[in-house]
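Order-wise, the sequence lines are chains A and B.
Take 734 as the starting number for the first sequence in the working numbering and just add one per residue.
Take 734 as the starting number for the second sequence in the working numbering and just add one per residue.
Just so it is clear, CB atoms sit at the ideal spot from N, CA and C, and this is done for glycine as well.
Report on one structure; see the data block that follows.
There are 2 protein chains.
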Amino acid sequence: MNQRLPVQGAQGDLLRLVATGKAESRADLARLSGLAASSVSLRVEELIDAGLLAEEGSGTSRGGRRPRRLRLSPDAGVLAVADLGAHHVRLGLLDLSGTPLVIEERGCEIADGPQVTLDRIADAFDELLATHVPSSVPLRGVGTGIPGPVDPSSQRVVTPSRMPGWNGFPVADHLATRYDLPILVENDANLMAAGEARWWPASENLMVVKAGTGIGCGVIVNGHLHRGRGAAGDISHVRVRSDSSIVCACGHPDCLEAYASGAALMSALQESGIEVSRPADIVTLVDDAIPEATSLVRTAGRRIGEVLTVLVNFFNPDVVAVGGSLSAAEPLITSIRAAVWERCLPLATRDLEIAPARAGRDAALLGAGTLLLEAALKVTS
Amino acid sequence: MNQRLPVQGAQGDLLRLVATGKAESRADLARLSGLAASSVSLRVEELIDAGLLAEEGSGTSRGGRRPRRLRLSPDAGVLAVADLGAHHVRLGLLDLSGTPLVIEERGCEIADGPQVTLDRIADAFDELLATHVPSSVPLRGVGTGIPGPVDPSSQRVVTPSRMPGWNGFPVADHLATRYDLPILVENDANLMAAGEARWWPASENLMVVKAGTGIGCGVIVNGHLHRGRGAAGDISHVRVRSDSSIVCACGHPDCLEAYASGAALMSALQESGIEVSRPADIVTLVDDAIPEATSLVRTAGRRIGEVLTVLVNFFNPDVVAVGGSLSAAEPLITSIRAAVWERCLPLATRDLEIAPARAGRDAALLGAGTLLLEAALKVTS
DNA sequence: GTCACTTCCTTCGATTTCGAAGATAGGCCG
DNA sequence: CGGCCTATCTTCGAAATCGAAGGAAGTGAC
C-alpha cells in the first residue's frame, strides 16, 4: 500500500533500536533484540550494505573491547512532520533517528479548513525538502499533529472543538493522495507524550500534561502510547470542585478547561484590565511578579493537581511531565506538586516524579518522528 | 529457582494459548503465535508426548476439514488459588486451563495475622489436594489474593488498612518455604480484573470495579493487568463532591470509600435503625424495595459514576465491568451508567459498555489461575 | 610491560524454523 | 453421489538462526 523502507522482519527491529537510541552497537542489539550475536552481525551487515546503517567510530569501553558504534545513515531518509495549532503550524524535517534537520514556524489559520491548511503544510514540506535535503535522500514518512481528537483506526478528525470544517475529515487519506508513504495523523498531546517518552528512558508509564491555550494530556503505558478508543488522555472536561459555576464550551458545568486553561486565565486577566494575547504572556507576567497572574496560575495549578490526584492513584505512573507554554510559569508545577503530594496515596507517590517536560517545544514533532518510524518499520510480511 | 513446567521457549506460548482458550487447534495456534504451521505441529507433538496437551475429538468446520481439538491434559497439573477476605477465604483448585475442580469458602480472620492465616490456607490446599486430585497429578503453582496493596516486585503487602500485622509481610517468601513452585500474590481487585478479562475476549482495555465492603478497581491495558508501581487501580480514596464532610480512615476528607462503599452504606442503614451485617444484606433490602436502601445505593452509584467519569475520559476503556457483592443491586449499575453517560465525552462513551461483571464470585480465583499460568510458563531460558 | 580478565565481534557447523507442496478430511451443490 | 472448494495438518528440502569457539581490542592489577 505504501512505499516502505526496504527492510524485512528482524531488520526492522534492529533499525528501530538504533534509531530510538536504545542500542549503539551490535552487542547492544543482541542484548535488546533477543537475537543471537551472530545473527545480529549478519543483519547489521545487510543494513549497512543497503545504506541504512553506518558505522561511526567507537563507543566507550565497558571493561573490554570498545564497541563499534552504529548510526542510522544520514542518507537513509528523512521524515516530514508538522504540529498544527490554532493560528500557526510548526513543521520540519527529521532524520530517521529523530534528529531535527530543520524546524520552523509559520502562520496558518486552522479555521481555513482542512484542504487549504493541509495543502499549505505539504507545500512547506516540499519547500524544505528542496532547500535542505539532497534529492538522493528519500522522504520516508509524513506525520502531523492535530489539536483535537483523532480516530486511530481511520485517522480522521472527530468532533473537534475550535476546528470548523474539520469534523470527520480524512486527514490521512488526503495526505496519502500527495504522498505515497506511511502517513501519521495524531492528536497533538499524544504526539507530545510520545516525544517526551524518549527523554524518560527508564520510565515505562508516563503522563504528559500539556498546559497551553487548552489542557491536553497524553498517556504512555508500558512504553507505548495509549490511545484507548481514540479519546484517551482527555482531562480537560473533568468536573472540578468550585464555588462558582462556569459552563464550558462542551455544554457541561465546571470543566477543568474552563478554570485552568491558558484561555481561561487570559480572559480572567483581561477582566482585571491586564492585556494578554498569548498564554506565553502569562508566563512573562508571572516572571515580573504581577500578583494577579501569579495567583491565577497558582489556582490553576492546584485545580490541575486535584484532577491529577485521581489519575495518579488510578494509573500510578512513574512520571508526570508538565509541558505546554504555561509550564514555564514556575508556580504552576509547584502547586500541581503540592496538590498531588497532599492528597494521593503514599504508595502512589512513593517514587513518583512530577517534573517539567524535558523535550522542549518540539516535543510533538519529535514524537511524530518516533511514531512514524514505528509505522515505517512495521512488519510488512 | 522454582519448579516450572517442563517447557521451553515457544512451547510455553502454545500451551498458554490453549490454556486461555484462545486457540483450540493447530491451525489456531499457527495463526495466533505467528509460527509456521509446520513448526506448530512439531511443538504440539512434543507437548502431547510430554503429557501436557491432549487431542480430544474434532471441532466445528469453518468450511473445510474439521480441526482436531486440543486441550490441556487433565493430568498436566493443578493450581491452588485463594482469595482472602476480612472474615473468610475462598479457595480452590483449578486445572491448568483455569477450570475449577473444587472451590469452597471457609471462615478465617485476617486479623489473626499473616503466619496463622497463610498456614491455614496452605493446610486447606493440602486437604483439597489429597481429597480431589490423584497424587500423580502435580501441583504447578500457588496464588492468593489479598484485600490490600501488594508491591509487585517483592510481592509483599504494603500499607494495608484493616489488616493488622500484615504490613511489609513477605507473603510470597513465606509461601515459598512451603511450596517450591511459582507463587503469586496479588491485590484482590487486580485478580478479579484478570479473571474478568477472560470473559471479554474482544476487549483489550478494561476497568473492573469491585463494589463490596470496600471499593476496589483493577485495570487491564492491552489485555494485560496494569500494576503501575504497585498501587494502580485505586479509586477508593478519590475525593468526591459533597455538601457534608466525612474524614476517611486514610486521614483525608470525603474519600469515595467513605460515601459509597458497602461499609459506609451499612453504617448509614444502621443509623436509620435497619439491621445489616454484610453488604449482601443491602442487596436483599433493595430487592425488597426498602426505600432507604434503594436511595442509598442509588446515591452510591452516582458517586462511583462521577469518579468513573474522570477515568473513562482519561483511560477510554472498551468496558467497565462492575462486580463485588453490591453489584447485584440493580440500581447501582443503573446510576453508575447514568452518571457516566451524562458527563463523559461522547467520543469516550461511543462504544463503551458498562455492564455487570460476567465472571461471577470466583472471578478472583480464576484470575489468579490466569496469572499463575503466565508465571509458570514464563520463558526460563 | 605483561598477564589475567572483560567485552565485542566473527566464523562455522548444528539445529531450528520456514514455506511450498501434498495428503487428509470435511462442506457445498447440482 | 461425485466433483469442487476450503480448511487442516504433515512432509521435506531450503533458509534462517543459534551457540560454542576463537580472534580482536580493550581495561586494570601487579
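Within chain B, the residues that residue i reaches when beta carbons sit closer than 7 Å
{"i": "P880(A)", "result": "Residues of chain B passing the Cβ test: none, with the nearest at roughly 15 Å."}
{"i": "D1084(A)", "result": "R962"}
{"i": "T892(A)", "result": "P1079, L1080"}
{"i": "N938(A)", "result": "G961"}
{"i": "L763(A)", "result": "In the sequence under discussion, the amino acid at residue 763(A) is Ala, which differs from the Leu named in the question. What A763(A) touches in chain B: nothing, since even the nearest Cβ is about 14 Å away."}
{"i": "A982(A)", "result": "What A982(A) touches in chain B: nothing, since even the nearest Cβ is about 12 Å away."}
Residue i classed as buried or exposed, judged by whether at least 16 other C-beta atoms fall within 10 angstroms
{"i": "S994(B)", "result": "buried"}
{"i": "E1008(A)", "result": "exposed"}
{"i": "E929(A)", "result": "buried"}
{"i": "T1103(A)", "result": "buried"}
{"i": "R759(A)", "result": "buried"}
{"i": "L775(A)", "result": "exposed"}
{"i": "T864(B)", "result": "exposed"}
{"i": "A935(A)", "result": "exposed"}
{"i": "N1046(A)", "result": "buried"}
{"i": "A770(A)", "result": "exposed"}
{"i": "E1004(B)", "result": "exposed"}
{"i": "I979(B)", "result": "exposed"}
{"i": "A1109(A)", "result": "buried"}
{"i": "H820(A)", "result": "exposed"}
{"i": "A1097(A)", "result": "buried"}
{"i": "V910(A)", "result": "Here residue 910(A) turns out to be Thr, not Val, going by the sequence shown. The residue in question, T910(A), is exposed, as its Cβ has fewer than 16 Cβ neighbours within 10 Å."}
{"i": "M734(B)", "result": "Residue placement at M734(B) is poorly supported in this model, since its pLDDT is 39, which falls under 50; the coordinates are not used for a value here."}
Within chain A, the residues that residue i reaches when beta carbons sit closer than 7 Å
{"i": "R1076(B)", "result": "R972, H985"}
{"i": "P885(B)", "result": "Within chain A, no residue comes near P885(B); the closest Cβ sits about 10 Å away, beyond 7 Å."}
{"i": "A769(B)", "result": "Per Cβ cutoff of 7 Å: no residues; A769(B) is ~12 Å from chain A at best."}
Nearest-angstrom Cα separation, counted from residue j out to residue i
{"i": "L780(B)", "j": "E1107(B)", "result": "17 Å"}
{"i": "R873(A)", "j": "I953(A)", "result": "25 Å"}
{"i": "G951(B)", "j": "A844(B)", "result": "24 Å"}
{"i": "G784(B)", "j": "D808(B)", "result": "7 Å"}
{"i": "A1088(B)", "j": "R1070(B)", "result": "9 Å"}
{"i": "G947(A)", "j": "S794(A)", "result": "47 Å"}
{"i": "A813(A)", "j": "L958(A)", "result": "20 Å"}
{"i": "D1021(A)", "j": "T1027(A)", "result": "9 Å"}
{"i": "R798(B)", "j": "G792(B)", "result": "10 Å"}
{"i": "V883(B)", "j": "L738(B)", "result": "26 Å"}
{"i": "L861(B)", "j": "N923(B)", "result": "25 Å"}
{"i": "P1064(B)", "j": "G1034(B)", "result": "7 Å"}
{"i": "L768(B)", "j": "T832(B)", "result": "27 Å"}
{"i": "I1023(B)", "j": "D1095(B)", "result": "29 Å"}
{"i": "H985(A)", "j": "R823(A)", "result": "32 Å"}
{"i": "A752(B)", "j": "L762(B)", "result": "12 Å"}
{"i": "S869(B)", "j": "G818(B)", "result": "32 Å"}
{"i": "N955(B)", "j": "M940(A)", "result": "17 Å"}
{"i": "G745(B)", "j": "L765(B)", "result": "13 Å"}
{"i": "L750(B)", "j": "W932(B)", "result": "15 Å"}
{"i": "L1078(B)", "j": "F858(A)", "result": "34 Å"}
{"i": "V1052(B)", "j": "V1016(B)", "result": "24 Å"}
In DSSP terms, what residue i is bridged to
{"i": "R801(A)", "result": "S791(A)"}
{"i": "V1133(A)", "result": "What the structure shows of chain A is the stretch from 734 to 1114, and residue 1133(A) is not part of that stretch, so it cannot be assessed."}
{"i": "D1084(B)", "result": "Note: D1084(B) sits in no beta bridge, so no partner."}
{"i": "E842(A)", "result": "Bridge partners of E842(A): none, in fact."}
{"i": "E837(B)", "result": "L824(B)"}
{"i": "V814(B)", "result": "G825(B), G876(B)"}
{"i": "P1089(B)", "result": "V1055(B)"}
{"i": "C988(B)", "result": "R972(B)"}
Within chain A, the residues that residue i reaches when beta carbons sit closer than 9 Å
{"i": "I968(B)", "result": "V1043, N1046, F1047"}
{"i": "D921(B)", "result": "Near D921(B) there are no residues of chain A at all, since even the closest Cβ is about 16 Å away, more than 9 Å."}
{"i": "D1051(B)", "result": "G961, R962"}
beta-carbon residue i near the ligand FMN non-hydrogen atom, thresh 7 Å
{"i": "V1053(B)", "result": "For the structure depicted, the ligand FMN is absent and the ligand set is empty, with no information on it obtainable."}
Residues that residue i contacts on chain A, provided the C-beta gap is smaller than 8 Å
{"i": "V954(B)", "result": "V954, N955, H959"}
{"i": "A1033(B)", "result": "Within chain A, no residue comes near A1033(B); the closest Cβ sits about 18 Å away, beyond 8 Å."}
{"i": "A844(B)", "result": "Within 8 Å Cβ-Cβ: nothing; A844(B) doesn't reach chain A, min ~21 Å."}
Neighbouring residues, chain B, relative to residue i (Cβ below 8 Å)
{"i": "V1040(A)", "result": "V1043"}
Handout entry: Ordered list of beta strand (DSSP E) runs contained in the segment 931 to 986 of chain A, each at least 3 residues
Key = As summarised for the segment 931 to 986 of chain A, the continuous beta strand (DSSP E) elements at least 3 residues long and confined to that stretch are 939 to 944, 948 to 954, given in chain order.
Problem - Ranges of the alpha helix (DSSP H) found wholly within the segment 1032 to 1074 of chain B, counting only runs of at least 4 - result: Fully contained in the segment 1032 to 1074 of chain B is no alpha helix (DSSP H) run of length 4 or more.
Problem - Continuous alpha helix (DSSP H) assignments of at least 4 residues falling wholly in the segment 854 to 932 of chain A - result: For the segment 854 to 932 of chain A, whole alpha helix (DSSP H) runs of length 4 or above, ordered along the chain, are 904 to 911, 921 to 930.
Handout entry: Entirely enclosed beta strand (DSSP E) segments - the segment 735 to 792 of chain A, minimum 3 residues
Key = Taking only runs of at least 3 residues, the beta strand (DSSP E) segments lying wholly in the segment 735 to 792 of chain A are 786 to 791.
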